[in-house]
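> Mind looking over this structure? Questions follow.
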Amino acid sequence: MLTARVKVGNPSGLHARPAATFVKAAAAFRSQITIENLTSGSAPANAKSLLAVLGCGISRGHRIRIVVDGEDEAAALESLESLARGGFGELADR
Amino acid sequence: MRRSRLISGTPGAPGIAVGPAWHYRAAVPAAPAAGAGRGDGKSAKKPGTKEAVAAIETAVAGAVAQLESLAGSLSAAGRADEAGIFEAQALMASDPALLDAALARARGGETAELAVRAATETAASTIAALPDELLASRAADVRDVGARIVRILAGEDVAPPERPSIAVADDLPPSVAAAIPPGLLLGIAQESGSTTSHTVILARALGIPAVVGATGLVEASTDAITLAIDGEAGTVAVDPDLPQLAYLAERAKHLDSRRQAAAALRVRPAATSDGHRIVLLANIGGPDEASRALQAGAEGIGLFRTEFLYMKRQTAPSEDDQVEPYRRVFATFGPDRPVVIRLADIGGDKALPYLDLPAEANPAMGVRAIRLGATHSDLLAAQLRAIWRAAGLAGVIPRVMAPMVATLADVELLRELRDEARAAVAESGHPLPERMITGVMIEIPSAAILAAEIARRVDFFSIGTNDLTQYTLAADRSNPALAHLQDALHPAVLRLVAGVIEGAAGAGIPTAVCGELAGDPAGALVLAGLGITELSADAGSLDDVRAALAGVTKGQLDELGRRSLAAAGATAVRAMAGELLRPRAGTGRA
Numbered sequence: 047m048l049t050a051r052v053k054v055g056n057p058s059g060l061h062a063r064p065a066a067t068f069v070k071a072a073a074a075f076r077s078q079i080t081i082e083n084l085t086s087g088s089a090p091a092n093a094k095s096l097l098a099v100l101g102c103g104i105s106r107g108h109r110i111r112i113v114v115d116g117e118d119e120a121a122a123l124e125s126l127e128s129l130a131r132g133g134f135g136e137l138a139d140r
Numbered sequence: 009m010r011r012s013r014l015i016s017g018t019p020g021a022p023g024i025a026v027g028p029a030w031h032y033r034a035a036v037p038a039a040p041a042a043g044a045g046r047g048d049g050k051s052a053k054k055p056g057t058k059e060a061v062a063a064i065e066t067a068v069a070g071a072v073a074q075l076e077s078l079a080g081s082l083s084a085a086g087r088a089d090e091a092g093i094f095e096a097q098a099l100m101a102s103d104p105a106l107l108d109a110a111l112a113r114a115r116g117g118e119t120a121e122l123a124v125r126a127a128t129e130t131a132a133s134t135i136a137a138l139p140d141e142l143l144a145s146r147a148a149d150v151r152d153v154g155a156r157i158v159r160i161l162a163g164e165d166v167a168p169p170e171r172p173s174i175a176v177a178d179d180l181p182p183s184v185a186a187a188i189p190p191g192l193l194l195g196i197a198q199e200s201g202s203t204t205s206h207t208v209i210l211a212r213a214l215g216i217p218a219v220v221g222a223t224g225l226v227e228a229s230t231d232a233i234t235l236a237i238d239g240e241a242g243t244v245a246v247d248p249d250l251p252q253l254a255y256l257a258e259r260a261k262h263l264d265s266r267r268q269a270a271a272a273l274r275v276r277p278a279a280t281s282d283g284h285r286i287v288l289l290a291n292i293g294g295p296d297e298a299s300r301a302l303q304a305g306a307e308g309i310g311l312f313r314t315e316f317l318y319m320k321r322q323t324a325p326s327e328d329d330q331v332e333p334y335r336r337v338f339a340t341f342g343p344d345r346p347v348v349i350r351l352a353d354i355g356g357d358k359a360l361p362y363l364d365l366p367a368e369a370n371p372a373m374g375v376r377a378i379r380l381g382a383t384h385s386d387l388l389a390a391q392l393r394a395i396w397r398a399a400g401l402a403g404v405i406p407r408v409m410a411p412m413v414a415t416l417a418d419v420e421l422l423r424e425l426r427d428e429a430r431a432a433v434a435e436s437g438h439p440l441p442e443r444m445i446t447g448v449m450i451e452i453p454s455a456a457i458l459a460a461e462i463a464r465r466v467d468f469f470s471i472g473t474n475d476l477t478q479y480t481l482a483a484d485r486s487n488p489a490l491a492h493l494q495d496a497l498h499p500a501v502l503r504l505v506a507g508v509i510e511g512a513a514g515a516g517i518p519t520a521v522c523g524e525l526a527g528d529p530a531g532a533l534v535l536a537g538l539g540i541t542e543l544s545a546d547a548g549s550l551d552d553v554r555a556a557l558a559g560v561t562k563g564q565l566d567e568l569g570r571r572s573l574a575a576a577g578a579t580a581v582r583a584m585a586g587e588l589l590r591p592r593a594g595t596g597r598a
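Each protein sequence line maps, in turn, to chains A and B.
Sequential numbering of the first sequence, starting at 47, is according to my numbering.
Sequential numbering of the second sequence, starting at 9, is according to my numbering.
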């Protein structure tokens, strides 16, 4: 089991589209993957469910924890953590 | 004679529309209480359960297919933002948690419809209860998805209006709004819903008016013959009388002339009132945005961000992947209007799985953009080869700029990569343009300080004011506690800009600005006052900037430029620019 903590930096938090990007990425792995909102203290949610991820209420500036457990956990964590650090595919205006 | 009635709501999307009402009602009438449903289900359990499970699985698959196809057609029509809404809805429809919950209820004896309704309502109410308003408003999407699945279960489909109409609903689902053929939807009026709802965003994208929060509307308009909605005032007139119609016609004329005035300015190149020309270009983030930039009167593209090619994927885009998107934008603007492609600004805070970079404590100052040239030169080389090929296909001379240039060595690296890419493309036999106009972004103070030296080695400069400000004032752009240090109009930044213009002029090359400051009317005036002659901003800001420039003389700009350099701070500079903006009503956000 591997975990990563990330502070969410994209402007509107994990709203529908960035959450969808995250869920699609998570669904590509076999590992069990959960995401939880450390700031609000949400329960761990299935990272492959968009509804569950939205339900974590992750806003900009919130800290999240991603937990992966399974055969491809290393690759999954690396991919999801870099996605989270990169603003979930949402580009800040540069 | 019918009694007219005026209902006040909240402005959603601007514009005026008059037409018949088309009532949308959720396909399934008010559900019986959940408890009653379960009770009914138990008695029907034996024959129904298996069918219910199968029906849910089929209907969910159908909803996913519908939503994916809707997203696909919107995306093909260049409406990527709206497409994203339905992509997310497709993901909700195929959500394992939703399906499991619905199937569990069906196995427990509920009818398929009730099971789906209850499962989506549970998910929707969790989201609706979130404190973040933007997230909470997504509950409407969940309910929309649920209603779509239920409509499929019930074998119902929403029949679109037969003639151009104003849609009336308690809360019009975005999928229904998007499914109405263009031309048949004149406007949207609804009792509830928020101004950030996807239906309202869709209305703005379609250019039709929308009013939300019009309490009592559905009942009041049940038998209405005509509705008139004013999307700016946020009102709905039910069966308007003649004076109301005359007033609205007058307002529509006023709005129209305002639009025409802006459009009239668009056909002329931007200039001050005494004819000093400023080239207005647009920033785009993908080929789909190019035509919107043209419509907004952009004379070209001053910043074509290419990160879209690199995000949301597990492997780096190949040379072949990139040729077509670049060629499309070149073809849209042709040989006479510039398109400046910015080499990928990735790495740093935009870490990507295939870059395999170690985590950085301070990614804004880390290994990104041209700095990847040392370790990931294949990435930049592939991009440059694709640009050479795309320009050869489109028959244009390409313009390319590198972000995050800090030193003369960075410039040398850029030129080497460019020439190697050209040689490789020549060897493969693809048609080639004769040269590549090569520039750098000035966004790091060292590059601004070295402007005169760098200018002798490149063809143009483009100043990125956002990063230049963050690095000059050492204030992290993403840290709201430092907002007061993030205004690019700070005289320290402006002095660097003035030095860059001077260095460029010494080598005879032009300086453009493509940061957010260029799209801010106050910022545009100050930059023009410092001697910038090319401004590149998001297409939506160009009208405001054009109007601001048309309201001043070259002499006023020059004086503003001089005074801004000596000002005490950004606030003082804003006040000076504001004096020039204030006499012109409606020039916008300054």
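Where is the CB? At the ideal position from N, CA and C, for every residue including glycine.
From a predicted model like this one, the values you see are computed outputs, not experimental measurements.
Can you grab the Cα-Cα spacing for the pair Tyr-32 of chain B / Ala-520 of chain B, in whole Å?
As a working mapping, residue 32 of chain B is identified with position 24 in the second sequence. As a working mapping, residue 520 of chain B is identified with position 512 in the second sequence. So the alpha carbons of these two residues sit roughly 50 angstroms apart.
> Return the CA-CA distance between Ile-237 of chain B and Glu-227 of chain B, expressed in angstroms with no decimal places.
One-based indexing of the second sequence puts residue 237 of chain B at position 229. One-based indexing of the second sequence puts residue 227 of chain B at position 219. Between Ile-237 of chain B and Glu-227 of chain B, the C-alpha separation is close to 16 angstroms.
> If we cut at 8 angstroms on Cβ distances, does Asn-92 of chain A have a partner in chain B?
Against the first sequence, residue 92 of chain A aligns to sequence position 46. Yes, Asn-92 of chain A counts as interfacial toward chain B.
> Step through the CB atoms of chain A and report whether any lies within less than 8 angstroms of the CB of Gln-322 of chain B.
Residue 322 of chain B sits at position 314 when you count from the first residue of the second sequence. Answer yes: the Cβ-Cβ gap between Gln-322 of chain B and chain A drops below 8 angstroms somewhere.
> Among B:Gly-191, B:Ser-12, B:Gly-293, B:Pro-518, which residue has its Cα nearest to the Cα of Pro-7 of chain B?
Residue 7 of chain B lies beyond the stretch modelled for chain B, which goes from 9 to 598, so this question has no answer here.
> Tell me Val-113 of chain A's beta-bridge partners as DSSP assigns them.
Sequence index remark: in the first sequence, residue 113 of chain A carries index 67 (1-based). Paired residue(s): A:Thr-49, A:Thr-80.
> Among the residues of its own chain, which have a CB less than 7 angstroms from the CB of Gly-308 of chain B, if the five just before and after it don't count?
In the second sequence, residue 308 of chain B corresponds to position 300, counting from 1. Only Leu-289, Phe-341, Arg-345, Pro-346, Val-347 meet the Cβ criterion.
> Given that Gly-92 of chain B touches chain A, what residues does it touch there, using C-beta distances under 9 angstroms?
The residue labelled residue 92 of chain B in the question sits at position 84 within the second sequence. The answer, in chain order, is Ala-62, Arg-63, Ala-66.
> What does DSSP give as the partner residues of Trp-30 of chain B in its beta bridges?
The residue given as residue 30 of chain B occupies position 22 in the second sequence. Beta-bridge pairing links Trp-30 of chain B to B:Ala-175.
> In whole angstroms, what separates the C-alpha of Ala-369 of chain B from that of Ala-211 of chain B?
Here residue 369 of chain B refers to the residue found at position 361 of the second sequence. Here residue 211 of chain B refers to the residue found at position 203 of the second sequence. Their Cα atoms are separated by approximately 43 angstroms.
> For Ala-304 of chain B, count neighbouring Cβ atoms within 10 angstroms of its own Cβ and tell me buried if that reaches 16, exposed if not.
Locating residue 304 of chain B in the second sequence gives position 296, where the first residue counts as 1. Buried, because 16 or more other Cβ atoms sit within 10 Å of the Cβ of Ala-304 of chain B.
> Say whether chain A places a C-beta atom closer than 8 angstroms to the C-beta of Arg-503 of chain B.
Here residue 503 of chain B refers to the residue found at position 495 of the second sequence. It does not; no Cβ of chain A falls within 8 angstroms.
> Quick one: grab the DSSP three-state call for Ala-257 of chain B.
Position 249 of the second sequence, counted from the first residue, corresponds to residue 257 of chain B. Here Ala-257 of chain B sits in helix by DSSP.
> Determine which residues of the segment 144-155 of chain B have a Cβ less than 7 angstroms from any Cβ of chain A, and write them out in chain order.
Within the segment 144-155 of chain B, the qualifying residues are Arg-146, Asp-149, Val-150.
> Considering Cα atoms alone, identify which of B:Pro-248, B:Leu-194, B:Leu-502, B:Met-444 is closest to Arg-393 of chain B.
For this step, residue 393 of chain B is matched to residue 385 along the second sequence. Out of B:Pro-248, B:Leu-194, B:Leu-502, B:Met-444, B:Met-444 has the C-alpha closest to the C-alpha of Arg-393 of chain B.
> Please specify which runs of the beta strand (DSSP E), each continuous and at least 3 residues long, are wholly inside the segment 305-345 of chain B, giving them in chain order.
If we require 3 residues or more, the beta strand (DSSP E) runs fully inside the segment 305-345 of chain B come out as 309-312.
> Counting only C-beta atoms, is Ile-405 of chain B closer than 8 angstroms to chain A at any point?
The residue given as residue 405 of chain B occupies position 397 in the second sequence. No, no contact with chain A.
> For the alpha helix (DSSP H) that contains Phe-75 of chain A, what are its first and last residues?
Locating residue 75 of chain A in the first sequence gives position 29, counting from the first residue. Looking at the DSSP string, Phe-75 of chain A is not in any alpha helix (DSSP H), and its letter there is neither H nor E.
> Quick check on Arg-285 of chain B: buried or exposed, where buried means 16 or more other Cβ atoms within 10 Å of its Cβ?
Indexing the second sequence from 1 puts residue 285 of chain B at position 277. When all chains shown are included, Arg-285 of chain B counts as exposed.
> What's the gap between the Cα of Tyr-335 of chain B and the Cα of Gly-437 of chain B?
Here residue 335 of chain B corresponds to residue number 327 of the second sequence, with the count starting at 1. Here residue 437 of chain B corresponds to residue number 429 of the second sequence, with the count starting at 1. According to the sequence provided, residue 335 of chain B is Arg. The question's Tyr does not apply to it. In a straight line, the C-alpha of Arg-335 of chain B is about 17 angstroms away from that of Gly-437 of chain B.
> Does Lys-94 of chain A pass the burial test, meaning 16 or more other C-beta atoms within 10 Å, or should it be called exposed?
For the purposes of this step, residue 94 of chain A is identified with residue 48 of the first sequence, where counting begins at 1. It counts as buried.
> Short of 7 angstroms Cβ to Cβ, which residues in the segment 88-113 of chain A face chain B?
Cβ contacts with chain B: Asn-92, Lys-94, Ser-95, Leu-96, Leu-97, Ala-98, Leu-100, Gly-101, Gly-103, Ser-105.
> Rounded C-beta distance between Leu-565 of chain B and Ala-536 of chain B? I'm assuming under 8 angstroms.
Taking the first residue of the second sequence as 1, we reach residue 565 of chain B at position 557. Taking the first residue of the second sequence as 1, we reach residue 536 of chain B at position 528. The pair is a contact, with the Cβ atoms about 5 angstroms apart (cut-off 8 angstroms).
> Entirely within the segment 173-240 of chain B and at least 3 residues each: give me those beta strand (DSSP E) ranges in chain order.
Here the runs fully enclosed are 173-177, 193-198, 218-220, 235-238.
> Would you say Thr-314 of chain B lies against chain A (beta-carbon separation less than 8 angstroms)?
In the second sequence, counting from the first residue as 1, residue 314 of chain B sits at position 306. It does not: the Cβ of Thr-314 of chain B has no partner Cβ on chain A nearer than 8 angstroms.
> Are the C-beta atoms of Ser-125 of chain A and some chain B residue less than 8 angstroms apart?
Residue numbering aside, residue 125 of chain A sits at position 79 when the first sequence is read from its first letter. Yes, Ser-125 of chain A lies at the interface with chain B (some Cβ there is under 8 angstroms from its Cβ).
> Taking 7 angstroms as the cut-off, is the beta-carbon of Ile-395 of chain B closer than that to any non-hydrogen atom of the ligand MG?
The ligand MG is not part of this structure, which contains no ligands at all.
> Mind checking whether Pro-248 of chain B and Thr-230 of chain B have CB atoms under 8 angstroms apart?
As a working mapping, residue 248 of chain B is identified with position 240 in the second sequence. As a working mapping, residue 230 of chain B is identified with position 222 in the second sequence. It is not a contact, given that the beta carbons lie outside the stated cut-off.
> Spell out the partners DSSP gives Ala-91 of chain A in its beta bridges.
Within the first sequence, the letter at position 45 stands for residue 91 of chain A. Its beta-bridge partners are A:Ile-81.
> Verify the CB distance criterion: does Glu-95 of chain B have a CB-CB separation below 8 angstroms to chain A?
Here the question's residue 95 of chain B lines up with position 87 in the second sequence. It does; some Cβ of chain A falls within 8 angstroms.
> Which residues does DSSP pair with Leu-14 of chain B in a beta bridge?
Locating residue 14 of chain B in the second sequence gives position 6, counting from the first residue. BP columns for Leu-14 of chain B point to B:Ala-245.
> Name the chain A residues that come within less than 8 angstroms of Ala-131 of chain B, Cβ to Cβ?
Residue numbering aside, residue 131 of chain B sits at position 123 when the second sequence is read from its first letter. By Cβ distance, chain A contributes Leu-97, Gly-101.
> If you follow the alpha helix (DSSP H) that Glu-141 of chain B is part of, which residue opens it and which one closes it?
Position 133 of the second sequence, counted from the first residue, corresponds to residue 141 of chain B. Residues 141-144.
> For Arg-597 of chain B, which residues of its own chain have a beta-carbon under 8 angstroms away from its beta-carbon, when the five flanking residues on both sides are left out?
On the second sequence, residue 597 of chain B is found 589 positions in, with the first residue counted as 1. Note that Arg-597 of chain B scores 37 on pLDDT, short of 50, meaning its location in the model is unreliable; the coordinates nonetheless yield the value given after this. Closer than 8 angstroms at the Cβ level, and outside the excluded window around Arg-597 of chain B, lie Asp-528, Pro-529, Asp-552.
> Give the residues of chain A in contact with Ile-135 of chain B, contact being defined as C-beta atoms less than 7 angstroms apart.
To locate residue 135 of chain B, count along the second sequence from 1; it is residue 127. The answer, in chain order, is Leu-100, Gly-101.
> Determine the direct distance from the alpha carbon of Arg-300 of chain B to that of Ala-547 of chain B, and round the result to whole angstroms.
Against the second sequence, residue 547 of chain B aligns to sequence position 539. Against the second sequence, residue 300 of chain B aligns to sequence position 292. Those two C-alpha atoms are separated by around 7 angstroms.
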